[in-house]
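Residue numbers (the numbering used here), protein chains in the order written: chain G, 22 to 131; chain U, 130 to 620. Quick notes on the structure that follows.
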Amino acid sequence: METITTDGVRHVANLARLEFNDEETEHFTEQLARILEYIGKLNELETDDVPPTSHIHPHQVFIMGAQEGAAHVAKPDIVKPSYPREEILVNAPEAEEGYFGVPRVVDRDS
Amino acid sequence: MLYELTAHTLHEKLKNREITAVALVESVYARIAEVESHVKGYLTLTKDIALEQASHADAGFQKGDEMPPLAGIPIAIKDVICTKGVQTTCGSKILENFVPPYNATVMTKLYEQGVVMVGKTNMDEFAMGSSTENSAYQITHNPWNLDTIPGGSSGGSAAVVSADTAVCSLGSDTGGSIRQPAALCGVVGMKPTYGRVSRYGLVAFASSLDQIGPFTKDVTDCALLLNAICGSDAMDATSVDVPVPDFTQSLINDVQGLKIGVPKEYFTPALDTEIADSVQSATAVLENLGATVEEISLPHTEYAIATYYIIAPAEASANLARYDGVRYGYRNENPEDLIGMYKKTRSEGFGEEVKRRIMLGTFALSAGYQDAYYKKAQKARTLIKSDFDAAFEKVDVIATPTSPTPAFKIGERTADPLQMYLSDVMTTPASHAGLPGISVPCGFVQNGLPVGLQLLGAPFAEDKVLRVAYTFEQNTEHHRQKPKIQTNGAV
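Encoded structure:
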């Protein structure tokens with residue numbers, strides 16, 4: 022298994038929508054490298070013929086085609102009322118006219 | 130004092146009208162006034178709600194109605210479980226102002242029983258940690274020694290039961306977050322089989338591992354709480370539709386004919402010798418009572434932590450993507466644009482351990498690394514689960530220590546994340562296999578800190594686990610010990 026570099030940490034931080042200053046980047050690189058080194062222990066295991074486990078109840082698996090013999094759990098497709106819009110928007114940092122508010126993403130003129 | 134008693138003892142007193150539920154709430158709150166400033170187990174206290182619920186229960190008892198066993202019983206709830214109208218922070222700054230518009234299914238079930246909610250308990254942020262030191266709000270102190278941690282991530286829920294500031298509580302267990310703090314605080318804590326309890330309204334950490342379970346003062350109360358919270362739920366497709374037995378029927382003081390396996394891999398040099406002795410004495414007690422105790426092997430035990438710290442962070446990195454400052458919680462006020470708002474909100478709102486795990490999980494799922502890390506861990510998970518499947522062909526219950534060490538000093542492991550992760554070495558294997566597991570008090574080390582015995586069963590075999598735990602408890606006195614909280618000392 023490969024280790025992680027400061028560039029790798031910057032790349033992963035961007036994927037995860039996090040940002041770190043240089044000091045934090047160094048700190049995380051060092052710690053993640055150490056944790057990944059420990060995790061490298063898994064390479065001792067011969068797993069070519071071992072199927073992956075994503076879920077412990079084989080009779081009830083929810084990822085399409087994940088395991089053989091899996092029965093998919095479905096419920097009747099009936100429309101039911103959800104929570105009232107105003108109750109959900111109470112927790113929003115910004116709400117306007119029944120919608121969540123976010124910083125502008127398109128120019129007014131374009 | 131009323132606050133010291135178990136739920137089943139209190140139920141008799143309530144039923145016989147020796148006491149009222151309101152008086153019980155007052156007793157618990159008097160205890161809170163006495164010790165909570167030292168223990169700091171609660172993030173939110175809900176006395177007004179508690180008194181209203183208690184009055185309601187009293188009205189039922191006064192009318193002579195047939196009341197459920199938990200009616201009027203004061204319970205504390207880990208702050209990761211959604212409580213309608215009551216702030217639910219997950220121990221995180223990013224959910225500082227979050228007030229759920231709905232109840233978790235477990236809360237709906239408990240309210241139907243007529244329980245009384247004392248408050249919401251402290252935890253490691255988003256249940257990530259083994260000491261409750263990762264809370265964004267406060268450090269919880271172990272009632273047995275205020276300089277030590279209560280374990281985690283459900284450290285608040287364990288500490289309040291130990292300190293008698295709640296009769297019982299709910300926590301959540303992903304890699305040991307109920308069992309480990311139960312052991313360190315000297316109380317009973319149980320993670321039911323994955324799928325036994327609905328996760329609807331449990332704020333998600335690692336969805337293939339998370340499970341809600343009880344902290345109690347004895348095994349009887351544990352069975353009563355399981356009866357209240359178990360069962361499949363249309364709101365959680367991972368809850369399993371299997372019959373839920375009456376768990377009080379498993380409270381049988383007899384282990385004759387039961388086979389108990391003790392896995393040799395758990396007795397490593399890293400295991401505290403006093404804990405090893407204590408657990409060996411415990412299995413000897415069970416053997417004397419007629420159980421067959423035999424050594425077994427779970428050869429992939431040593432890979433459980435490495436596997437866990439890929440799978441749990443990978444699932445967490447996906448689950449925690451929802452905290453973007455749009456729909457709820459904290460938002461950075463001065464973003465330059467939308468992506469900048471996401472990044473600043475998340476970087477300011479999450480604590481260091483949460484960021485570390487999001488990074489680890491995002492890395493393990495990123496292009497080029499997914500097979501080497503995530504898929505490899507899922508295969509290792511199969512091997513760990515297969516070990517247990519083979520073992521349960523031969524034995525009914527597996528007995529191990531719950532934690533490799535007693536409660537450690539506050540601050541001792543915070544600088545070294547890997548050292549902290551190894552705190553879960555005895556609990557993560559069963560989590561990978563989704564097994565039911567209980568920790569019951571089984572002794573004390575020389576400095577007076579409690580030791581826990583972990584008992585594991587095959588999936589949905591909570592009945593056997595409870596039977597062994599109950600028999601052990603009925604024939605020992607460890608669970609009757611109470612901490613003497615040093616209320617005079619400096620905190």
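Built from N, CA and C at the ideal position, the CB exists for glycine as well.
- Across the set U:Tyr457, U:Lys176, U:Gly300, the C-alpha of U:Lys176 shows the shortest separation from the C-alpha of Ala162 of chain U.
- For Ile567 of chain U, the secondary structure class from DSSP, reduced to helix, strand or coil, is strand.
- The beta carbon of Ser103 of chain G does not come within 8 angstroms of any beta carbon belonging to chain U, so the residue lies off that interface.
- The alpha-carbon separation between Asn42 of chain G and Gln507 of chain U amounts to approximately 33 angstroms.
- Taking a 10 Å sphere around the C-beta of Met488 of chain U, we find 16 or more other C-beta atoms and assign the residue as buried.
- For Glu424 of chain U, the pairing in a beta bridge is given by DSSP as U:Val391.
- Within chain G, the residues Leu53, Ile56 have their CB atoms less than 7 angstroms from the CB of Leu489 of chain U, given in chain order.
- Glu40 of chain G has its alpha-carbon roughly 9 angstroms from the corresponding atom of Glu477 of chain U.
- Contact annotation: the segment 292-302 of chain U touches the segment 336-352 of chain U, with at least three C-beta pairs closer than 8 angstroms.
- A straight line joining the alpha-carbon of Ala562 of chain U with that of Pro72 of chain G spans about 14 angstroms.
- Contact annotation: the segment 592-602 of chain U touches the segment 372-386 of chain U, with at least three C-beta pairs closer than 8 angstroms.
- Three or more Cβ pairs closer than 8 angstroms define a contact, and the segment 321-335 of chain U falls short of that threshold against the segment 384-392 of chain U.
- Within chain U, Tyr471, Lys472, Arg475 have C-beta atoms less than 7 angstroms from the C-beta of Arg38 of chain G, given in sequence order.
- When only Cα atoms are considered, Asp406 of chain U and Leu313 of chain U end up about 16 angstroms apart.
- For the segment 361-383 of chain U, the set of residues with a beta-carbon nearer than 9 angstroms to any beta-carbon of chain G comprises Ala363, Ala366, Thr367, Val369, Asp370, in chain order.
- In summary, Ile204 of chain U is buried, with 16 or more beta-carbon neighbours lying within 10 Å of its beta-carbon over all protein chains present.
- The way I'd put it, the segment 411-430 of chain U does touch the segment 513-524 of chain U; three or more beta-carbon pairs between them come closer than 8 angstroms.
- Straight-line spacing of the CA atoms in Thr27 of chain G and His270 of chain U works out to 37 angstroms.
- Phe344 of chain U: member of the beta strand (DSSP E) spanning 340-345, first to last residue.
- Contacts between Lys514 of chain U and chain G, judged by CB atoms closer than 9 angstroms, involve Thr74, Ile77 in chain order.
- A Cβ of chain G is located within less than 8 angstroms of the beta carbon of Arg485 of chain U.
- With fewer than 16 other beta carbons inside 10 angstroms of its own, Gly214 of chain U counts as exposed.
- As computed with DSSP, Val245 of chain U is found in a beta bridge with U:Pro203.
- Each residue's CA atom was taken as its position, placing Tyr323 of chain U and Cys351 of chain U some 17 angstroms apart.
- The three-state reading of DSSP puts Pro588 of chain U in coil, since its state is none of H, G, I, E or B.
- Separation of Tyr452 of chain U and Arg38 of chain G (C-alpha to C-alpha, rounded to the nearest whole angstrom) is 10 angstroms.
- Here Lys207 of chain U really is in contact with Met252 of chain U; their C-beta atoms are around 6 angstroms apart, less than 8 angstroms.
- Boundaries of the alpha helix (DSSP H) around Pro546 of chain U: 546-550.
- In this structure, the CA atom of Lys523 of chain U is about 34 angstroms from the CA atom of Asp500 of chain U.
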